[in-house]
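Asks: For the record, the sequence lines run as chains E and H.
Numbering-wise, our numbering puts 414 at position 414 of the first sequence, and it's gapless, one number per residue.
When you read off a place in the second sequence, starting at 1, and then add 1000, the result is the number in our numbering.
Please read through the structure below; I'll follow up with questions.
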Amino acid sequence: MAKKMTSEKSRAHVLQEREPIAIPGEATPYAGEWTVKQAAHLLRRSTFGPTKAMVDRAVDQGLEATLDELMSNGKRPMPQPVKWTYDNERQGGDRTSIVEDPFVSYGEPWIESPLGREGRNLNQQVQRYKENSIYAHLFLQMHQGEISIREKLLIFWHNHFVVSNIRFPELMYRYLHSIHNFDLSELSTDQIINVVENLPGADHSTIEDFINGNTVLGNFKNITKAITIDLSMLLYLNGNENSSQAPNENYARELLELFTIGKGNLAGPGDYTTYTEDDIIQLSKILTGWSQTSAVRGGLLNLIGTDPLVEYYSFRHDKSTKQLSNRLGSVAISNEEHMEFSTLIDRIFDQDEVARNICRELYRYFVYYHIPPEVEQNVIEPMAQQMIADDYEVEGAVRLLLGSDHFYSEEAIGCMIKNPADYLLSITHGMNVELNNDIYGDYYYGLILNQLCGLSGMQVFDHADVAGWKAYYQSPQYYRIWLNSATLPDRTDFAVALTMGGAANIAGNRLQLDPVIPVMSFLSQIENGLDPNDFIHSLANLLFPYGVTEEQKDYLKSILLDNQPDFVWTEAYSDYFDYVENVPDYENNRDFIALSNAIQGQLREMIAAMFEMPEAQLM
Amino acid sequence: MKRRDFLGTGAALSLPLMLNGFGMGVLSSKRMQSMIDEDSDRILVLVQLNGGNDGLNTVFSYDQFANLANVRSNIILPESSLLDLDGERGLHPAMTGIKEVWDNGYLGVIQGVAYPNQNRSHFRSMDIWNTASEADEYRQTGWLGRYFDLDHQGYPEGYPNAQYPDPFAITVGGGISETCQGSGGSYCLSIIDPLNPGRINIGQESTAPDNCYGNELEYVRSVAAQANSYADILQDSAEGGTNLSDKYEDNNPISQKLKTVAKLISGGLQTKVYVVSIGGFDLHSAQVDPINTQGGRHAELLGQLSNAICAFQDDLVKQGLDKRVLGMTYSEFGRQIRSNASDGTDHGTAAPMFLFGSCVNGGFLGEDPEIDTQVEQQEGVAMQYDFRSIYGTIFMDWFQVEEDTVKEILFDDFQYLPLLHDCKLVSNEEDPELVMEVKSFPNPFSNYLQVQFTLQESDQMHLGLFNALGAEVKALSRQSLAAGNHQLQIETRDLPAGNYFLRVSGKTRQKTLKLVKIL
Chain E
1 MAKKMTSEKS RAHVLQEREP IAIPGEATPY AGEWTVKQAA HLLRRSTFGP
51 TKAMVDRAVD QGLEATLDEL MSNGKRPMPQ PVKWTYDNER QGGDRTSIVE
101 DPFVSYGEPW IESPLGREGR NLNQQVQRYK ENSIYAHLFL QMHQGEISIR
151 EKLLIFWHNH FVVSNIRFPE LMYRYLHSIH NFDLSELSTD QIINVVENLP
201 GADHSTIEDF INGNTVLGNF KNITKAITID LSMLLYLNGN ENSSQAPNEN
251 YARELLELFT IGKGNLAGPG DYTTYTEDDI IQLSKILTGW SQTSAVRGGL
301 LNLIGTDPLV EYYSFRHDKS TKQLSNRLGS VAISNEEHME FSTLIDRIFD
351 QDEVARNICR ELYRYFVYYH IPPEVEQNVI EPMAQQMIAD DYEVEGAVRL
401 LLGSDHFYSE EAIGCMIKNP ADYLLSITHG MNVELNNDIY GDYYYGLILN
451 QLCGLSGMQV FDHADVAGWK AYYQSPQYYR IWLNSATLPD RTDFAVALTM
501 GGAANIAGNR LQLDPVIPVM SFLSQIENGL DPNDFIHSLA NLLFPYGVTE
551 EQKDYLKSIL LDNQPDFVWT EAYSDYFDYV ENVPDYENNR DFIALSNAIQ
601 GQLREMIAAM FEMPEAQLM
Chain H
1001 MKRRDFLGTG AALSLPLMLN GFGMGVLSSK RMQSMIDEDS DRILVLVQLN
1051 GGNDGLNTVF SYDQFANLAN VRSNIILPES SLLDLDGERG LHPAMTGIKE
1101 VWDNGYLGVI QGVAYPNQNR SHFRSMDIWN TASEADEYRQ TGWLGRYFDL
1151 DHQGYPEGYP NAQYPDPFAI TVGGGISETC QGSGGSYCLS IIDPLNPGRI
1201 NIGQESTAPD NCYGNELEYV RSVAAQANSY ADILQDSAEG GTNLSDKYED
1251 NNPISQKLKT VAKLISGGLQ TKVYVVSIGG FDLHSAQVDP INTQGGRHAE
1301 LLGQLSNAIC AFQDDLVKQG LDKRVLGMTY SEFGRQIRSN ASDGTDHGTA
1351 APMFLFGSCV NGGFLGEDPE IDTQVEQQEG VAMQYDFRSI YGTIFMDWFQ
1401 VEEDTVKEIL FDDFQYLPLL HDCKLVSNEE DPELVMEVKS FPNPFSNYLQ
1451 VQFTLQESDQ MHLGLFNALG AEVKALSRQS LAAGNHQLQI ETRDLPAGNY
1501 FLRVSGKTRQ KTLKLVKIL
């Protein structure tokens, strides 16, 4: 790989360790300066790798309209993933890109089709393309150039309600649907659950309301209910095995500790301030009775994504009265069969601490990890009060945060270390890599993004533990956990490969990557491109939160111009546009091609060097 | 790479000056601060078992087996399948590798390790183990990070340097360990493949703005600088090192990680701490295969762990490096005594820890957990030893940290345990006269115990007599003794009959003897 190494072996480094900054400013509406700096800040935090076009649009339309757009796009249903592998050779595929599926054709959604009834081999291939289509789809959705908060929040909720190693596409799809609805007809109770025993007077309609129509900006309480009886979660935290005979407390513990109210300080034996060890026993009992349907037990071959996957077994349910501690309002919950979990979640959400806990998590996701008392009081509390007033609708609190003085404080800008998806998308999506509406090609590209992200420590549907990615909870390091002496070189390695082409070594894997970044698109997009100094500054302002200094600009210029004087650039640049504007059929002109290749080569080197700079890791 | 050999403090004080050209003033004042033996080439390898290992399905006592089978009928494995250790206890049948380590006398098992007021959250509990904090205290630094902080206050500023060219701690396999978090940053370098360490072209630096962004920018730069500056020495060590054991398994991730560790040690890297981890122990369900309880997920994990440790130890012995390396396994908690209906177990309290290495006192420390068939559903195994006592003992015996300093790093009432024995460091220039010999008689003893030893030079000596639970029941506290022969007497009339350990320790050497008291 064409790569420059610093030669100093032992380079003394100055690190003034400072206390984490307490970001100043309150939750009051921001009415200050609205320039590229603020707009890019908002979009970097609320989308993945915003493009220049998105930033320009946000600057033009102002903060309120941009927030409106983020939110309204954020509520749009998720399109369905499709069959992306070819059906046969006629479509132009080779052996590796063809998977025959008797029920779905190339380009069609697969959610309402079974895994197959034929040979074992075929089923595994079908299962694999569907599973991969979900991974690819999630990344392709980040890549749409839209001002939408949907993708950022979907990852937030996935990292909140962790399920891992599910591997069955039907289950993964239903889990995602519990958080954010897909573009699909709503599921009826019959499709959601099998109620095997005749429950007198049972009202099932509410269960449909929990599951259908959730959005990432919707109701936190509802999403919690949907997830509680979601099969992926039941399997992941053993809720499917929790019965009156022998309660399994795994889900009960995490429901309190991680998903809702959070664990407070140890106040006494078994007392965590917000709940007690005994509450976990009581919750385990309340949550008994839910498991997979017998059809799922028999294997998933003939099931489709809209079939009932879970079942409520009354005989497995603990019908005693459960007494919660004073930490959870001292309420007693008597037998309500399949609706009892819903009552439980209502009672947990009666505690205002649930709102504070999720608002702290949102804050750490969107703003900064350090929450000193003044931030708790000035930001978290107003967010929580908004959420409580909205009966746990998420939108108001998120909007309050992203539109606040606090969020646009100088201290808040640029102080977040990008997670692997943010970094990766900032060098692909952010650098104008466009999808070309070739389904196989696009999905294949989406899968590479997924793979790069996963090897960098952020694999979706494969969290190392139920608390989510450490960067969002592990003190004192937090975001810094993303970067260490192994992961930082990995990141820059793939960034260079995506810019220059070549192999990248990532977590011990060698990947050959194409130079996908269309660097020439920046020639016309960047203002004042004629002067190399202005050109570099403009590009840096787009890539880095604080741009580059004069020394840094000179360093980059020495790469761009191979140490030749400025006018070399100015001439090449004006010659280039002279061809484009004045020479017919310039694309086939030999001199133009030579010039264009020369510019492109130098540009790629410089942009690769920019991605290697530590500044590129921040947003 | 030529290895530095140090045995006594005298040699330790003079040799690095010649090697590195640093002024005597700097080095000796450093020594006065912490008394850490900076030049010891001893290495600690931590093996973190993520998820909470079920100790009751790892180490079994025959005495309690029937009761255990009663409360764990769905997951209990056949008693006949256990790998017998000492006629009283056996290991899970998947642990043939660890059994071999035991047979060579290189395995110590400490029963019932936990901390008071168990927190059953994975994350909080692992935090407590990694930071060595009280259950109700939040510490921002790791237990090993505080140890490194003693002598490296400015770290990472100015590191690596001519005197400290090697990383202080390394995690193999990605991620960094919270154990190595120091007050100024993490002492831990994360590596995947040391033959191919990543390097970064950080380009032209600027003065970082004095704000939040500037702070984080400096952090990223420091990671880049660290990666670059340690890359050469890592690569040199990996290329110069070797593995001599044929027991490493290709499809066993923890085995491959320990293989990398052995290779780096073999290649002369002076890193003091290595951390490797193996996940998947949080087995609320399908811990065993219900058809054949000897199989299942837990058996696979224990087999991987056990074979990996066996291969690692074998490798070190074959390379003559074994006396420099101490290994320790730990997990955030054990499981509850009763199994659940999902053929799994839920979060519990105490569990056994393994220490492995040629300097480990082979055998069991502590009593086997007592299983009551009437045990409550949520009850875990009771704590016998605070985990910080193990850390503290390792500090004192392995890294020669003074007791007061250990108390400062950990906690005041840490208990000194007979975990390690006198184990000569590898050296070609070893002076046999410096080895301490201790005699103790009579054995079995009754009303008194005589202890004899010879000192080559004056030393601060401590004599401790420990009962089978590890409690120090008699102590002749530190006193300065002159060079020459010494005989001391300990009154033992008031002690109950049973097994005891006598531990005689000086500043750098110590000896532990196993004794029996009869009435």
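In this text, a Cβ means the ideal position worked out from N, Cα and C, and glycines have one as well.
The model shown is predicted, which means the values in this text are computed figures rather than measured ones.
Where does D1412 of chain H land, buried or exposed, given buried means 16+ other C-beta within 10 angstroms?
Replies: Exposed, by the Cβ-count rule.
Asks: Look up W290 of chain E in the DSSP assignment and give the residues it is bridged to.
Replies: BP columns for W290 of chain E point to E:Y312.
Asks: If V1109 of chain H and F1354 of chain H are in contact, beta carbons under 8 Å, what's the gap, nearest whole angstrom?
Replies: Between F1354 of chain H and V1109 of chain H the Cβ distance is about 6 Å, and since that is below 8 Å, they are a contact.
Asks: For M142 of chain E, which of helix, strand or coil comes out of DSSP?
Replies: DSSP places M142 of chain E in coil when its eight states are reduced to three.
Asks: How about C1258 of chain H and A1308 of chain H: are their beta carbons less than 7 Å apart?
Replies: Sequence inspection shows Leu at residue 1258 of chain H; the Cys mentioned does not correspond to that position. Contact: yes.
Asks: Please confirm whether K396 of chain E and Y30 of chain E have their CB atoms less than 7 Å apart.
Replies: Correcting the residue identity first, residue 396 of chain E is Gly in this sequence and not Lys. No, the Cβ-Cβ distance between G396 of chain E and Y30 of chain E is not below 7 Å.
Asks: State the Cα-Cα distance for the pair Y502 of chain E and W569 of chain E, rounded to the nearest angstrom.
Replies: First, the amino acid is wrong: residue 502 of chain E is Gly here, not Tyr. Looking at the two C-alpha atoms, the distance is approximately 26 Å.
Asks: Quickly, what does DSSP pair Y1385 of chain H with across the bridge? List them, please.
Replies: In the DSSP output, where bridge partners are listed per residue, Y1385 of chain H has H:V1113.
Asks: Starting from M613 of chain E, find everything on chain H with Cβ-Cβ shorter than 7 Å and list it in chain order.
Replies: Chain H residues near M613 of chain E: I1202, G1203.
Asks: Buried or exposed: G1448 of chain H, going by 16 or more other Cβ atoms within 10 Å of its Cβ?
Replies: A small fix is needed here, since residue 1448 of chain H is Tyr in this sequence, not Gly. Exposed, since its Cβ has fewer than 16 Cβ neighbours within 10 Å.
Asks: Establish whether the CB of E353 of chain E and some CB of chain H are separated by less than 7 Å.
Replies: No, E353 of chain E does not count as interfacial toward chain H.
Asks: Looking only at its own chain, which residues have a Cβ that is under 7 Å from the Cβ of G1470 of chain H, when we skip the five neighbours before and after it?
Replies: Residue placement at G1470 of chain H is poorly supported in this model, since its pLDDT is 49, which falls under 50; the coordinates still yield a value, given next. Correct list, in chain order: L1365, G1366, Y1385, Q1415, L1417.
Asks: With 7 Å as the limit, tell me which residues of the stretch 1130-1148 of chain H have their beta carbon closer than that to any beta carbon of chain E; keep them in chain order.
Replies: Residues A1135, D1136, Q1140.
Asks: In chain order, what residues of the same chain have a beta carbon less than 7 Å from the beta carbon of G414 of chain E, not counting five sequence neighbours either side?
Replies: Only P545, Y546, L618, M619 meet the Cβ criterion.
Asks: If you draw a straight line from the C-alpha of F384 of chain E to the C-alpha of N1057 of chain H, how long is it?
Replies: Note that residue 384 of chain E is Ala in the sequence shown, not Phe. Approximately 45 Å between the Cα atoms of the pair.
Asks: Does the beta carbon of S1285 of chain H sit closer than 7 Å to a beta carbon anywhere in chain E?
Replies: Cβ-Cβ to chain E under 7 Å: yes for S1285 of chain H.
Asks: What residues in its chain sit with their C-beta under 7 Å from that of N238 of chain E, if we drop five residues either side in the sequence?
Replies: Around N238 of chain E: N248, N250, Y251.
Asks: State buried or exposed for T85 of chain E, treating a residue as buried only when at least 16 other CB atoms are found within 10 Å of its CB.
Replies: It counts as buried.
Asks: Looking at chain E, is there any beta carbon in it that lies within less than 7 Å of the beta carbon of I1371 of chain H?
Replies: It does not; no Cβ of chain E falls within 7 Å.
Asks: List the residues of chain E whose Cβ lies closer than 8 Å to the Cβ of N1196 of chain H, in chain order.
Replies: The contacting residues are N505.
Asks: At a Cβ cut of 7 Å, what residues of the stretch 1208-1220 of chain H count as close to chain E, listed as they run along the chain?
Replies: Flagged, chain order: P1209, N1211, C1212, Y1213, N1215, E1216, L1217, E1218, Y1219, V1220.
Asks: Which two residues bound the contiguous beta strand (DSSP E) that contains Y1330 of chain H?
Replies: Y1330 of chain H -> beta strand (DSSP E) spans 1325-1331.
Asks: Give the residues of chain E in contact with L1189 of chain H, contact being defined as C-beta atoms less than 7 Å apart.
Replies: The contacting residues are S485.
Asks: Just to confirm my understanding: we take K1099 of chain H, look at its own chain, exclude 5 residues before and 5 after, and list those with CB closer than 8 Å. What are they?
Replies: So the list reads L1083, L1085, L1091, S1306, once near-sequence residues are dropped.
Asks: Near S164 of chain E, what residues of its chain come up, given a Cβ to Cβ distance below 7 Å and the 5 sequence neighbours on each side ignored?
Replies: Result list for S164 of chain E: Y236, F461, D462, H463, in chain order.
Asks: Who are the neighbours of K263 of chain E on chain H, taking C-beta pairs under 8 Å?
Replies: Per Cβ cutoff of 8 Å: S1121, R1124.
Asks: Below 8 Å on the Cβ atoms is my guess for P1290 of chain H versus N1074 of chain H; work out the distance and round it to an integer in Å.
Replies: Indeed they touch by this definition, with Cβ atoms about 7 Å apart.
Asks: Smallest Cα separation from L187 of chain E: which of E:F161, E:F168, E:N214, E:P169?
Replies: Checked all of E:F161, E:F168, E:N214, E:P169; the closest Cα to L187 of chain E is E:N214.
Asks: Taking the alpha carbon of P420 of chain E as the point to measure from, which residue in E:I481, E:I149, E:I358 has its own alpha carbon closest?
Replies: Of the listed residues, the one whose Cα sits closest to P420 of chain E is E:I481.
Asks: Could you give the distance in angstroms between the alpha-carbon of A1224 of chain H and the alpha-carbon of G329 of chain E?
Replies: Looking at the two C-alpha atoms, the distance is approximately 51 Å.
Asks: Please classify T260 of chain E: does DSSP put it in a helix, a strand, or coil?
Replies: DSSP places T260 of chain E in coil when its eight states are reduced to three.
Asks: Only counting the same chain, and skipping five residues up and downstream in sequence, which positions put a Cβ closer than 6 Å to that of A1114 of chain H?
Replies: Excluding sequence neighbours, A1114 of chain H sits near T1349, A1350, M1383.
Asks: Give me the DSSP bridge partner(s) of T276 of chain E.
Replies: Paired residues: E:D271.
Asks: Indicate the three-state DSSP secondary structure (helix, strand or coil) for V1101 of chain H in the structure shown.
Replies: Helix, per DSSP.
Asks: By a C-beta neighbour count over all protein chains shown, 10 Å radius and 16 as the cutoff for buried, is P1194 of chain H buried or exposed?
Replies: By the 10 Å Cβ count, P1194 of chain H comes out buried.
Asks: Is the beta carbon of T274 of chain E less than 7 Å from the beta carbon of I286 of chain E?
Replies: For T274 of chain E and I286 of chain E, no; Cβs fall outside 7 Å.
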